[in-house]
Each structure stands twice: as structure tokens, then as C-alpha cells.
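*Asks:*
Chains as they are written, first to last, in the working numbering: chain S, 346 to 491; chain D, 65 to 194.
1. Going straight from the alpha carbon of residue 401 of chain S to that of residue 389 of chain S, what length do you get?
2. Counting only beta-carbon atoms, is residue 425 of chain S nearer than 8 Å to chain D?
3. Can you find a CB in chain D that lies within less than 8 Å of the CB of residue 389 of chain S?
4. Given that a residue counts as buried once 16 or more other Cβ atoms are within 10 Å of its Cβ, and exposed if not, what is residue 105 of chain D?
5. Please state the DSSP three-state secondary structure of residue 381 of chain S.
6. Of all the residues that make up the segment 138-151 of chain D, which are near chain S by a beta-carbon distance shorter than 7 Å?
7. Could you tell me whether the Cβ atoms of residue 180 of chain D and residue 159 of chain D are closer together than 8 Å?
8. Rounded to a whole number of angstroms, what is the C-alpha to C-alpha distance between residue 135 of chain D and residue 412 of chain S?
9. Return no unless some Cβ of chain D is closer than 8 Å to the Cβ of residue 458 of chain S.
10. Do the segment 93-112 of chain D and the segment 123-140 of chain D touch if we need at least three Cβ pairs shorter than 8 Å?
11. Please report the distance separating the alpha-carbon of residue 166 of chain D from that of residue 468 of chain S.
12. What residues of chain S sit near residue 111 of chain D, judged by a beta carbon separation below 8 Å?
13. Residues of chain S with a CB under 7 Å from the CB of residue 91 of chain D: which are they?
14. Examine chain S for any beta-carbon lying closer than 8 Å to the beta-carbon of residue 160 of chain D, and answer yes or no.
15. In angstroms with no decimal places, state the Cα-to-Cα distance between residue 441 of chain S and residue 470 of chain S.
16. Just the chain S side, please: which residues come within less than 9 Å of residue 177 of chain D by C-beta, in chain order?
17. Give the single residue among D/84, D/100, D/77 whose Cα lies nearest to the Cα of residue 182 of chain D.
18. Ignoring anything shorter than 3 residues or poking outside the segment 68-113 of chain D, list the beta strand (DSSP E) runs there in chain order.
19. When we look at the beta-carbon of residue 193 of chain D and count the other beta-carbons within 10 Å, is it buried (16 or more) or exposed?
20. Listing by chain order, which chain D residues have their CB less than 8 Å from the CB of residue 410 of chain S?
21. I need the DSSP call for residue 65 of chain D, collapsed to helix, strand or coil.
22. Within its chain, find whatever has a CB closer than 6 Å to the CB of residue 399 of chain S; leave out the 5 residues flanking it on each side and keep chain order.
23. Rounded C-beta distance between residue 404 of chain S and residue 472 of chain S? I'm assuming under 8 Å.
24. Report the CB separation of residue 90 of chain D from residue 152 of chain D in whole angstroms; it is logged as a contact under 8 Å.
25. Excluding the five sequence neighbours on either side, which residues of its own chain have a C-beta within less than 7 Å of the C-beta of residue 428 of chain S, listed in chain order?
26. Starting from residue 157 of chain D, follow the beta strand (DSSP E) in both directions and report where the run begins and ends.
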């Protein structure tokens, strides 16, 4: 309903994060109606500076090689699989709340990304992807000939 | 899975903090083997220095402190999750051998091994003839 329109949020770039929190709460309130919210897992945060974006995602307990990140033009895809502990016979889960299994998320970015300069970092269970804008895609100043 | 399961749950049980941060309930898996209880908690953003495990009598408390998650020079333009501390308390039913508790943290996942204490064996008392 109120999808992740990253480029539309840019006009609020200077606002405090509290506004973001409020917006998310309101979105959640309205988007619950008949919506498969499992598609929005795992959650992301997007940060911006001049001509690059940083996407962060909480992905606890993964191996870096199990996370797949791909960038094509202005599309970003993050996918992976999380595994449970192997249990022996006679051992049972008393409680199982962690989200395990496959996940995939696709995002439309507001600009073309220089895929060669994309950097990804995975620390303390938080994935951090830096996406610089493609130089050819930067706005050019047009000289006016008098 | 319902929406509630996928979003971070804010804790309502904890006492108020001095730091103005939200506290979340980490999602946990618990499984039991013959001689130990394993507890796995998702706490993205913590490492071995910022996580705390306490066992008082049979109350087990796990907590983690997370830095505010801000990225230098960048401003937040789109947000689906919030960053905050973690805290959760469990009541253990079995006697735990607290000397042998093992805890590890890897990529934001806390793993606790809580070995069960050897049960006090019933002793047979022999009665001597007076």
C-alpha cells in the first residue's frame, strides 16, 4: 500500500529520525489489512549522503558466504538462508521464535549504482551495504551559450 | 508468520533506563538435551563486550547494549526497523550448574549452554543396631 518509495522520502532527508518512526508506525497500522507482510522481512534502513546510499539490514547469526547481494542498474537484491542447529534424536525445541529459512528482498533504488564500487560489510549480525551512484548518472551542469 | 513475529517487539517489562533508548525483546530458540539447556538469542548489534548474562537463583536475565546505529555523515531517509537495547528474563525450572555455564556471541547471536546440575542422589541411611 505505502511501499518503500525511497526517492520520495528524500525530501524529508533533513528531518529527525523520529518522523521516520512515526511514518513507519502509521504505515504499519494501515498496511496490515490483507497484506502479506512476510515480504517485508528482513527489515532495512536506508541512509543517504550526497551521491551514495547505505542500506543496513539486521541479519543475526549468518555466515558472510550465505548472504547474496546483487546490484543491476538501479535494482538491489539481498537474499540468503539461515539455518537452525541440528538436533539429535529425543531433543526438542521448547521455544522457537527466531526466523529461519530462506529470505529475499528486492529494492528499486533512486539512481543507477556503480556496481564495481559497491561495498558490503557484515559485523555483529548487521549487514551494511554502501551503494555509490554511477558517475555517468550524476546530474550535469549545462552551460548556456550566449 | 504474523506481522508481530517479524517486527522487533518493544519490551514493556523492563524498568526505565537512564539512556533514552528503546529496549527490545530478543527472539530466542530454546532446546533441551539430556544434560543441558541451550538458549539461542538473536541480538543483532551486540558483541561479547556489550552483552550480559546473569543468573540469580533461577532467574536468568540476558541483556545487550547496542550503539545507536547511526552512520557518520549519513542521514536516515527510509526506515523499517529501530535500533535499541535488548533485555529478556527467563525462569528456569531445572537446577543449573552455574559454574559450567558457557556463553558465546557470534554475529549478533548469543548462545548459552546451561548444563543441568547433578541431582542430589538419595542416600541410603543404614541403621545400626544399638
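Backbone N, C-alpha and C fix where the C-beta goes; we use that ideal spot for every residue, glycine too.
Only a predicted model underlies this, so the values are computations on that prediction, with no experimental measurement involved.
*Replies:* According to the structure data:
1. The residue labelled residue 401 of chain S in the question sits at position 56 within the first chain. The residue labelled residue 389 of chain S in the question sits at position 44 within the first chain. Spanning the two alpha carbons is a distance of roughly 6 Å.
2. In the first chain, the residue the question calls residue 425 of chain S occupies position 80. Residue 425 of chain S does not count as touching chain D.
3. Here residue 389 of chain S refers to the residue found at position 44 of the first chain. It does; some Cβ of chain D falls within 8 Å.
4. Working through the second chain from its first residue, we reach residue 105 of chain D at position 41. Buried.
5. For the purposes of this step, residue 381 of chain S is taken as residue 36 along the first chain, with counting starting at 1. Its pLDDT being 44, under 50, residue 381 of chain S is placed unreliably by the model, and nothing is read from it.
6. Only those residues of the segment 138-151 of chain D whose C-beta falls short of 7 Å from the nearest C-beta of chain S are listed: 138, 139, 140, 141, 142, 143, 144, 145, 146.
7. Looking up residue 180 of chain D in the second chain gives position 116. Looking up residue 159 of chain D in the second chain gives position 95. Yes; because the gap between Cβ atoms is below 8 Å, this pair is in contact.
8. Within the second chain, the letter at position 71 stands for residue 135 of chain D. Within the first chain, the letter at position 67 stands for residue 412 of chain S. Distance between the alpha carbons of residue 135 of chain D and residue 412 of chain S: 22 Å.
9. The residue you call residue 458 of chain S lines up with position 113 of the first chain. No, residue 458 of chain S lies away from the interface with chain D (no Cβ there is under 8 Å from its Cβ).
10. These segments touch.
11. By one-based count along the second chain, residue 166 of chain D stands at place 102. By one-based count along the first chain, residue 468 of chain S stands at place 123. About 22 Å.
12. To locate residue 111 of chain D, count along the second chain from 1; it is residue 47. Result: 469.
13. Looking up residue 91 of chain D in the second chain gives position 27. The CB of residue 91 of chain D comes closer than 7 Å to the CB of 442, 443 in chain S, given here in chain order.
14. As a working note, residue 160 of chain D is residue 96 in the second chain. Not an interface residue.
15. As a working note, residue 441 of chain S is residue 96 in the first chain. As a working note, residue 470 of chain S is residue 125 in the first chain. C-alpha separation (whole angstroms): 19 Å.
16. Indexing the second chain from 1 puts residue 177 of chain D at position 113. Near residue 177 of chain D there are no residues of chain S at all, since even the closest Cβ is about 11 Å away, more than 9 Å.
17. Within the second chain, numbered from 1, the residue matching residue 182 of chain D stands at position 118. The alpha carbon of residue 182 of chain D has as its nearest neighbour, out of D/84, D/100, D/77, the alpha carbon of D/100.
18. Note on the segment 68-113 of chain D: whole beta strand (DSSP E) runs with a minimum of 3 residues are 87-89, 91-96, 100-106, in chain order.
19. Locating residue 193 of chain D in the second chain gives position 129, where the first residue counts as 1. Classification for residue 193 of chain D: exposed.
20. Position 65 of the first chain, counted from the start, is the residue given in the question as residue 410 of chain S. Residues of chain D passing the Cβ test: none, with the nearest at roughly 12 Å.
21. To locate residue 65 of chain D, count along the second chain from 1; it is residue 1. The pLDDT assigned to residue 65 of chain D is 42, lower than 50, so where the model puts this residue is not dependable, and the model offers no usable value.
22. Position 54 of the first chain holds residue 399 of chain S. Cβ neighbours of residue 399 of chain S beyond the five flanking positions: 392, 475.
23. Counting from one through the first chain, the residue named residue 404 of chain S turns up at place 59. Counting from one through the first chain, the residue named residue 472 of chain S turns up at place 127. In this structure, residue 404 of chain S and residue 472 of chain S form a Cβ contact; the two beta carbons are roughly 5 Å apart against a cut-off of 8 Å.
24. The count along the second chain starts at 1 and reaches residue 90 of chain D at position 26. The count along the second chain starts at 1 and reaches residue 152 of chain D at position 88. Sure, about 6 Å apart at Cβ, within 8 Å.
25. Counting from one through the first chain, the residue named residue 428 of chain S turns up at place 83. Non-local beta-carbon contacts of residue 428 of chain S in its own chain, meaning distances under 7 Å to residues more than five positions away in sequence, involve 445 in chain order.
26. Numbered from its first residue, the second chain carries residue 157 of chain D at position 93. Under the DSSP assignment, residue 157 of chain D falls outside any beta strand (DSSP E); it carries neither an H nor an E label.
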